[in-house]
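Protein chains in written order, with the UniProt record's numbering: chain A, 1 to 611; chain B, 1 to 716.
Beta carbons are placed, not taken as given, at the ideal position from N, Cα and C, and that holds for glycine.
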Amino acid sequence: MASSSTPKYNSNSLESSSSKRTLKDGTNWEQNEEIPRLPGETRVTDKDVIYMCPFNGPVKGRVYITNYRLYLRSVENDPVVVLNVPLGVISRIEKMGGASSRGENSYGLDITCKDMRNLRFALKQEGHSRRDIFEVLTKYAFPQSHNLVTAFTSYSFFFAFANEEKFSENGWMVYNPMSEYRRQGLPNERWRVTFINEHYGLCDTYPSLLVVPYNATDDDLKKVAAFRSRNRIPVLSWIHPETQAVIMRCSQPLVGMSGKRNKDDERYLDIIREANGQISKLTIYDARPNVNAVANKATGGGYEGEDAYPNAELFFLDIHNIHVMRESLKKLKDIVYPNVEESHWLSSLESTHWLEHIKLVLTGAIQVADKVSSGRSSVLVHCSDGWDRTAQLTSLAMLMLDSYYRTIEGFEVLVQKEWISFGHKFASRIGHGDKNHADADRSPIFLQFIDCVWQMSKQFPTAFEFNEQFLITILDHLYSCRFGTFLYNSESLREKEKVTEKTLSLWSLINSEKSKYTNPFYTKELNRALYPVASMRHLELWVNYYIRWNPRIRQQQPNPVEQRYMELLALRDDYIRRLEELQITNNSKISNSSASSASPSQMMSQVQTHF
Amino acid sequence: EIHIKEPIEKEVNPHLLPGELLLCEASTVYKYIQEDGSNRGTYGKLVCTNFKIAFLDDDSASDDNEPQFKNKIVGENDITLQCVDQIYGVYDEKKKLLTGQLRKYPEKLIIYCKDLRVFHFCLRYTKEEEVKRIVSGIVHHSQTPKLLKRLFLFSYASAAPNNTGGRNQTVMFDTLEDWRDELERTKGNVKYKAVTTNEGYRVSEKLPLYFVVPICVSEESILKYEGRGIPIWCWSCHNGAALLKMSAFPKEQDDITSQTQKAFLDGIYKTISKPPYELLKMDDLSSSLPSLQDIQIAYTRFKQLFLIDNSTDFWATDVKWFSLLESTNWLEIIRRVLKKAIEVAECLERQHTNVLLIEESATDLCCVISSLVQVMMDSYSRTKSGFQSLIQKEWVIGGHGFLDRCNHLHKSDKEEAPVFLLLLNCVWQLVQQYPPAFEFTETYLTVLSDSLYVPIFSTFFFNSQHQKDTNMSGESLKTQSAPFRFLTVWDWPVQFDPKAQAFLNNPLYAEKPKLDKSQRKTARFKHQRQLSLPLTQTKSSSKRGFFREETDHLIKNILGKRIGKFINSSDEPPNSFREFYDSWHSKPVDYHGLLLPRIDGPEIKVWAQRYLRWIPEAQLHGGGTIATAAKILDLMEEVQSLQVKMDEEHSQAVSGDVHSVPMLRNSARLSSLFPFALLQRQSIKPALPTSTWKDLEDEDDLVKRDDEFVDLSGDM
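1) Let's test the definition: count the other Cβ atoms within 10 Å of the Cβ of Glu-126 of chain A and tell me whether it reaches 16, buried, or not, exposed.
2) Answer yes or no: does any C-beta atom of chain B fall closer than 8 Å to that of Gln-392 of chain A?
3) Under DSSP, the alpha helix (DSSP H) around Lys-72 of chain B begins and ends at which residues?
4) In its own chain, which residues sit with a C-beta less than 6 Å from the C-beta of Met-456 of chain A, not counting the 5 before and 5 after it?
5) Between the C-alpha atoms of Glu-25 of chain B and Ser-287 of chain B, what's the straight-line distance to the nearest angstrom?
6) Please name the residue, chosen from B:Gln-467, B:Phe-460, B:Gln-640 and B:Val-355, that lies closest to Gln-388 of chain B on a Cα-to-Cα basis.
7) Does the beta-carbon distance from Thr-518 of chain A to Thr-628 of chain B come in below 8 Å?
8) Could you please give the first and the last residue of the uninterrupted beta strand (DSSP E) stretch that includes Ala-417 of chain B?
9) Taking 8 Å as the CB-CB limit, is Ile-632 of chain B close to chain A?
10) Have a look at A:Ser-106, A:Tyr-181, A:Leu-568 and A:Tyr-545 and flag the residue whose alpha-carbon is nearest the alpha-carbon of Lys-333 of chain A.
11) At a Cβ threshold of 8 Å, is His-323 of chain A touching chain B?
12) For residue 622 of chain A, count neighbouring Cβ atoms within 10 angstroms of its own Cβ and tell me buried if that reaches 16, exposed if not.
13) Taking the alpha helix (DSSP H) that Gly-267 of chain B belongs to, which residues open and close that run?
14) So, for Trp-172 of chain A: in the same chain, excluding its five sequence neighbours on each side, which residues have a beta-carbon less than 7 Å away from its beta-carbon?
15) Strictly below 8 Å CB to CB, what residues from chain A border Pro-435 of chain B?
16) Given that a residue counts as buried once 16 or more other Cβ atoms are within 10 Å of its Cβ, and exposed if not, what is Met-178 of chain A?
17) I need the DSSP call for Gln-293 of chain B, collapsed to helix, strand or coil.
18) What residues in the region 367 to 391 of chain B bring their beta carbon closer than 7 Å to a beta carbon of chain A?
19) Tell me, to the nearest whole angstrom, how far the beta carbon of Arg-350 of chain B is from that of Phe-580 of chain B; I am working on the premise that it is less than 8 Å.
20) Taking contact to mean at least 3 C-beta pairs separated by less than 8 Å, is the region 55 to 70 of chain A in contact with the region 134 to 143 of chain A?
21) So, Ile-626 of chain B versus Ser-672 of chain B, is the Cβ gap smaller than 8 Å?
22) Near Ile-553 of chain A, which residues of its chain fall below 7 Å by C-beta distance, leaving aside the five closest residues on each side in sequence?
23) For Glu-128 of chain B and Leu-448 of chain B, what's the separation of their Cα atoms in angstroms?
24) With DSSP collapsed to three states, give me the class of Met-173 of chain A.
25) Which residues in the same chain have their Cβ closer than 6 Å to the Cβ of Ser-371 of chain B, if we skip the five residues on either side of it in sequence?
26) Rounded to whole angstroms, what's the CA-CA distance from Gly-601 of chain B to Met-536 of chain A? Just pull it up for me.
27) Throw me the rounded Cβ distance for the His-320 of chain A and His-357 of chain A pair, which I believe falls under 8 Å.
28) By Cβ distance below 6 Å, which residues in the same chain neighbour Gln-392 of chain A in space, the five residues on each side in sequence not counted?
29) Quick one: list the residues of chain B neighbouring Met-536 of chain A, beta-carbon separation under 7 Å, in chain order.
30) DSSP state of Lys-468 of chain B, grouped into three classes?
31) Quick check: what's the CA-CA separation for residue 655 of chain A versus Trp-507 of chain A?
32) Within the 8 Å Cβ cut-off, does Ala-295 of chain A reach chain B?
33) Cβ atoms of Ser-480 of chain A and Gly-88 of chain A: under 8 Å apart, would you say?
34) Using the Cα positions of Phe-422 of chain A and Ile-239 of chain A, report the straight-line distance between them to the nearest angstrom.
35) For a cutoff of 8 Å on Cβ pairs, would you count residue 627 of chain A as touching chain B?
36) According to DSSP, Gln-86 of chain B sits in a beta bridge with which residue or residues?
Right under this line is the structure:
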């Protein structure tokens with residue numbers, strides 16, 4: 001109900017917020033309109049500011065701050081300029097200029113956002129307006145850092161816990177691990193479901209329900225856990241319906257400098273290898289570059305050595321660590337915001353290495369998928385802890401192999417399973433509600449994954465049920481804190497905070513309005529492996545996401561190709577309906593009625609001129 | 001290792017066109033299938049005719065798999081002599097360029113084509129005599145200078161049955177009538193006139209027989225310097241402002257000569273900048289755009305990136321792909337040309353001034369810019385016949401030296417420059433940015449670019465109308481005195497059957513609303529004029545603020561000084577271009593109105609269809625833009641059949657006027673290289689990079705770190 005009455009300020013408004021056209025009839029009823037407010041959203045303060053728009057110059061306006069968002073509406077501009085920024089998007093708030101500052105508009109706030117933009121507001125020096133805004137924003141944008149935490153439990157400060165929206169669908173019902181494994185045909189005679197982690201006793205960053213080889217006892221699992229970083233033992237992510245080869249995920253073995261071995265781990269990997277009934281070797285993909293894997297031995301980690309695992313083949317996939325990815329994105333922002341590098345665009349883009357990283361991640365995932373599919377060999381994937389690069393690789397490989405994950409619900413299941421339940425540290429990587437913007441734990445790993453998905457959907461425009469807007473919406477709410485979906489680092493913490501009871505799921509929003517996120521070109525194809533081409537010739541910068549704030553680069557919305565297709569679909573349906581009617585009338589009374597109704601060719605041209 | 005299949009002894013004969021002669025041949029030639037670096041291939045016969053080099057597969061029984069998109073003149077294993085770019089011989093694993101006389105004969109022949117195909121032929125199993133004959137024959141006929149009359153064009157024209165061809169919609173601009181119609185269409189006939197001064201080419205052999213000049217320009221002045229220094233009309237904008245071009249005077253050593261020339265020019269400028277003519281702006285393209293040499297160098301580097309020998313090559317160049325692309329400078333040239341076209345459009349549309357493009361011969365960059373401006377401003381030029389007429393007007397009749405620029409006769413490398421390809425590349429940018437605005441597809445542009453090298457059409461094989469006219473008569477053939485009947489490239493049925501031609505038509509094209517039946521009967525394109533007009537003048541002028549007639553008149557009257565202004569000269573606000581560009585882009589697109597290309601870095605792209613189409617590594621199975629295009633075509637077909645059914649229900653008569661739409665069953669499985677996917681990969685193995693980038697020189701400290709530093713050894 002709420003969603004239908006407030007279409008203007010759901011996910012989509014983030015996208016088009018930088019400058020909104022005003023009404024065609026010229027009346028400014030928007031001026032008097034209330035600022036958008038979600039159920040549960042409360043107004044905190046509002047102030048007159050000058051928004052230093054990097055594209056249109058200074059914009060006089062009024063800023064409204066609620067417990068969910070920062071909203072700005074221009075007062076003089078035509079069309080009205082609107083900013084609509086969930087506070088969760090804010091990464092850093094800085095004061096610029098001091099009491100002695102001269103020059104116009106040099107005194108104010110600079111807000112760095114997690115979604116590739118910066119917002120600058122100039123304020124009057126008199127009247128403490130800057131201090132007020134700064135304090136309010138700090139309090140509501142960074143609840144995790146705020147001192148008042150002592151009085152309440154911290155979660156009450158995420159807007160997700162105050163959100164009272166109502167949706168027709170319940171997104172928390174989308175993912176049920178048991179039914180997902182059943183969909184894959186599990187358990188079977190070789191794989192079993194174990195509840196050993198029901199209370200997160202074995203591994204506190206894993207989900208409670210795990211699928212392991214039938215021939216490994218719970219006791220074996222405990223012993224293996226001792227030899228795997230953070231007890232993240234090899235467990236099943238996906239099984240190939242034909243080859244029965246599996247994708248397993250885990251963390252690095254604790255080999256250390258001395259080259260420790262663990263008989264249980266070795267035996268466990270052998271059981272996994274045998275479980276698919278093939279005699280091939282087990283393939284281990286270590287996502288890291290070789291040198292990093294070696295370096296990890298110094299801190300007790302490492303990789304599976306040849307001597308200890310003679311029945312396994314190990315490959316390094318050369319994907320870099322979270323720090324490299326963070327720096328890469330920072331460089332990307334430098335060349336696209338606020339202005340796009342003009343003359344040396346391609347070499348600038350190359351120097352960010354962003355697309356090269358994408359290429360490596362995709363290449364790794366293709367290898368995993370191909371090994372399981374045509375190599376008929378089971379695969380074990382890990383990096384250091386198995387929650388960043390590992391999640392990227394397993395989920396992308398699954399997306400390539402299993403067309404179910406290319407549907408809207410399937411993709412939600414994939415994210416819920418491989419990322420959320422298996423402990424990708426969303427809270428640390430995104431820094432939800434945390435003001436420590438320079439935290440070395442932050443890294444755009446999930447964004448990189450979504451980018452890879454976008455690259456695939458771009459290469460195969462008919463293979464995905466969801467559209468670009470779906471992916472952008474996911475990314476927007478990765479930061480917004482409006483939904484509980486991405487909050488906290490692990491399932492055990494989410495359970496403790498009762499996230500599913502006290503917050504809403506992002507999938508509720510999306511599934512209640514599915515048509516908005518549906519790709520009209522989607523063609524259902526079962527069991528078809530989809531291998532993207534991980535070549536720079538095909539990889540592109542995702543302009544509609546990374547450069548979406550720049551009005552000069554903005555892509556045509558709606559996409560004319562899509563629009564044309566929709567028109568044709570409507571035309572076809574109309575024809576079918578009219579044809580049926582005609583046949584009925586022609587059958588009942590065989591009189592000629594063609595003179596009265598419009599001819600189909602006229603109708604055709606009407607539709608075409610719609611552009 | 002080559003696994004040798006026993007060649008089947010079978011006589012395969014090349015399919016020869018009228019006038020085509022077999023010159024030499026070699027059998028047991030092994031042609032590699034360019035795929036995943038393997039040595040798979042087929043045996044066959046390699047032949048060279050006076051038209052093409054062809055490989056004839058020994059087991060050509062595989063004709064059951066007829067491709068949907070087939071060129072009737074040039075088959076998949078045919079290379080016209082003009083399409084050969086470079087020939088390399090391989091001697092002991094070393095590649096050597098083959099140009100003239102050969103001492104040693106190679107064991108392998110690599111032919112790089114101008115349409116970017118690459119052929120590898122192994123000659124190891126061929127008789128030595130045949131190797132000698134075929135290699136020297138191919139090199140001689142495709143790489144050495146040639147007389148114009150030895151072009152296949154002439155043998156074909158004299159041997160082919162008098163093929164008048166179906167009269168198509170394209171305006172050829174070879175008659176006075178055509179120019180007058182064009183003047184009328186653009187409402188330029190008030191201030192401009194078509195002249196017959198050049199009949200018999202008495203003014204200049206470089207100028208067309210008929211052209212258009214301002215009414216006030218006298219015949220004497222046209223004759224005075226062989227047409228140099230005369231503003232020649234290209235096109236008139238809906239507001240009356242016109243696009244003109246002028247061939248400049250060469251730099252004179254002699255002071256007196258250059259003084260008189262300057263005085264002459266001043267006189268001309270004075271005449272044409274008096275009312276009723278608009279304020280005049282000039283643009284010397286030779287100084288404001290890259291030189292032809294720059295363009296040639298850039299393209300030579302650029303195309304090299306797509307002439308790929310094998311998979312290793314592909315992945316090796318993939319690592320530094322973006323910097324390689326940038327270092328060619330080709331995309332930057334496209335960007336600068338598009339930017340220039342926008343500047344000109346701004347002057348015409350918003351500043352309401354005439355624009356005079358100046359270039360030494362006015363037949364190279366002038367053609368590019370004037371064509372682009374018309375494509376952007378006149379939606380008629382975005383229809384197929386409109387675009388073809390534009391090419392006729394600005395390029396073919398306009399006197400672009402196709403023969404020299406394409407170096408068809410191998411006379412001089414210095415004259416070679418891909419000027420026409422530059423235009424097609426620029427138009428492609430517009431086509432992919434605004435798909436509904438064009439009646440034709442990118443496939444149309446690709447096959448048009450391929451047609452540059454097919455010498456059965458006269459279109460791209462003369463330097464000027466004069467050259468064509470003087471070579472028309474069959475005087476060299478004593479028995480035959482009737483003039484040659486050349487085909488034009490616009491006779492698409494010559495190359496493609498109707499099924500294939502359907503791929504040239506854009507299903508997304510947003511057709512202009514059809515006019516009332518009563519108006520339909522007007523002359524062939526008169527009504528088209530309206531297309532470039534905004535829907536209503538007032539709406540456009542007030543909203544976009546392009547028209548500032550009053551202020552313009554005011555400025556004119558006050559200043560009195562109306563000439564000598566250059567585009568983007570210092571007395572103009574520097575951001576007027578940006579403002580025009582931004583304000584246009586902030587409004588919804590009218591596909592029948594003015595169209596401005598987006599030129600920011602990420603917007604200029606590589607024309608993937610043309611340049612990647614033969615590279616198996618780059619192909620997406622069931623992907624690419626063709627996947628959506630095919631769905632649209634399928635749906636259109638369905639809608640059309642429903643429409644027919646409806647008509648049948650209404651009246652018993654069956655309507656026959658249904659556009660043919662290609663049948664694309666199982667479209668989701670088409671390759672992204674479609675309709676050019678001749679190299680179907682056998683396996684569905686994914687393409688995996690063989691060399692990947694690992695270096696991160698500048699971030700060494702970050703690279704070495706672990707994700708999160710925790711000493712795990714302590715836990716144990």
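The answer reads as follows:
1) For this step, residue 126 of chain A is matched to residue 126 along the first sequence. Under this definition Glu-126 of chain A is an exposed residue.
2) The sequence position of residue 392 of chain A within the first sequence is 392, counting from 1. With 8 Å as the cut-off, Gln-392 of chain A does not count as an interface residue toward chain B.
3) Against the second sequence, residue 72 of chain B aligns to sequence position 72. Run containing Lys-72 of chain B: none; DSSP gives neither H nor E here.
4) Indexing the first sequence from 1 puts residue 456 of chain A at position 456. Here Met-456 of chain A has Pro-532 as same chain residues with Cβ atoms under 6 Å from its own Cβ, once five neighbours each way along the sequence are excluded.
5) The count along the second sequence starts at 1 and reaches residue 25 of chain B at position 25. The count along the second sequence starts at 1 and reaches residue 287 of chain B at position 287. Going from the Cα of Glu-25 of chain B to the Cα of Ser-287 of chain B covers about 50 Å.
6) For the purposes of this step, residue 388 of chain B is taken as the residue at position 388 of the second sequence. Nearest C-alpha to Gln-388 of chain B: B:Phe-460.
7) Taking the first residue of the first sequence as position 1, residue 518 of chain A is located at position 518. Taking the first residue of the second sequence as position 1, residue 628 of chain B is located at position 628. Not closer than 8 Å, so no.
8) Start at 1 with the first residue of the second sequence, and residue 417 of chain B comes out as number 417. It is not in any beta strand (DSSP E) - Ala-417 of chain B carries neither H nor E in the DSSP assignment.
9) Residue mapping note: residue 632 of chain B aligns to position 632 of the second sequence, counting from 1. Yes - at least one Cβ of chain A is within 8 Å of the one on Ile-632 of chain B.
10) Working through the first sequence from its first residue, we reach residue 333 of chain A at position 333. Closest option to Lys-333 of chain A, Cα to Cα, is A:Tyr-545.
11) Here residue 323 of chain A is taken as the residue at index 323 of the first sequence, counted from 1. For His-323 of chain A, the answer is yes, since a Cβ of chain B falls inside 8 Å of its Cβ.
12) Residue 622 of chain A is absent from the structure shown; chain A starts at 1 and stops at 611.
13) Numbered from its first residue, the second sequence carries residue 267 of chain B at position 267. Start and end: 255 to 273.
14) Translated into the one-based positions of the first sequence, residue 172 of chain A becomes position 172. The residues are Thr-500 and Ser-505.
15) The residue given as residue 435 of chain B occupies position 435 in the second sequence. Neighbours of Pro-435 of chain B on chain A, chain order: Pro-560 and Val-561.
16) Position 178 of the first sequence holds residue 178 of chain A. Counting Cβ neighbours within 10 Å, Met-178 of chain A comes out exposed, since fewer than 16 surround it.
17) In the second sequence, residue 293 of chain B corresponds to position 293, counting from 1. Helix.
18) none
19) What you label residue 350 of chain B is simply residue 350 of the second sequence in a count that begins at 1. What you label residue 580 of chain B is simply residue 580 of the second sequence in a count that begins at 1. The Cβ separation is near 6 Å, so the contact holds.
20) yes
21) On the second sequence, residue 626 of chain B is found 626 positions in, with the first residue counted as 1. On the second sequence, residue 672 of chain B is found 672 positions in, with the first residue counted as 1. Closer than 8 Å, so yes.
22) In the first sequence, counting from the first residue as 1, residue 553 of chain A sits at position 553. Val-340, Val-543 and Ile-547, listed in sequence order.
23) By one-based count along the second sequence, residue 128 of chain B stands at place 128. By one-based count along the second sequence, residue 448 of chain B stands at place 448. Cα to Cα, Glu-128 of chain B sits roughly 39 Å from Leu-448 of chain B.
24) As a first step, residue 173 of chain A must be located in the first sequence, where it is residue number 173. Helix at Met-173 of chain A.
25) Counting from one through the second sequence, the residue named residue 371 of chain B turns up at place 371. Leu-390, Glu-394 and Leu-423.
26) Locating residue 601 of chain B in the second sequence gives position 601, where the first residue counts as 1. Locating residue 536 of chain A in the first sequence gives position 536, where the first residue counts as 1. Rounded to the nearest whole angstrom, the CA to CA distance from Gly-601 of chain B to Met-536 of chain A is 16 Å.
27) Indexing the first sequence from 1 puts residue 320 of chain A at position 320. Indexing the first sequence from 1 puts residue 357 of chain A at position 357. By a beta-carbon distance limit of 8 Å, His-320 of chain A contacts His-357 of chain A. Their separation comes to about 7 Å.
28) Against the first sequence, residue 392 of chain A aligns to sequence position 392. Counting only Cβ-Cβ distances below 6 Å, and skipping sequence neighbours, we find Val-361 and Phe-449.
29) Sequence index remark: in the first sequence, residue 536 of chain A carries index 536 (1-based). Correct list: Asp-318, Trp-321 and Phe-322.
30) Walking along the second sequence from the start, residue 468 of chain B turns up at place 468. The answer is helix: DSSP assigns Lys-468 of chain B an H, G or I state.
31) This structure gives no information on residue 655 of chain A, because the portion of chain A shown stretches from 1 to 611.
32) Reading the first sequence from its first residue, position 295 is the one you call residue 295 of chain A. Output row for Ala-295 of chain A: interface = yes.
33) Position 88 of the first sequence holds residue 88 of chain A. Position 480 of the first sequence holds residue 480 of chain A. Yes, the pair counts as a contact, with Cβ atoms nearer than the cut-off.
34) For the purposes of this step, residue 422 of chain A is taken as residue 422 along the first sequence, with counting starting at 1. For the purposes of this step, residue 239 of chain A is taken as residue 239 along the first sequence, with counting starting at 1. Rounded to the nearest angstrom, the two C-alpha atoms are 17 Å apart.
35) Residue 627 of chain A lies beyond the residue range present for chain A, which begins at 1 and ends at 611; the question has no answer from this structure.
36) Locating residue 86 of chain B in the second sequence gives position 86, counting from the first residue. The partner list for Gln-86 of chain B (beta bridge, DSSP) reads B:Tyr-112.
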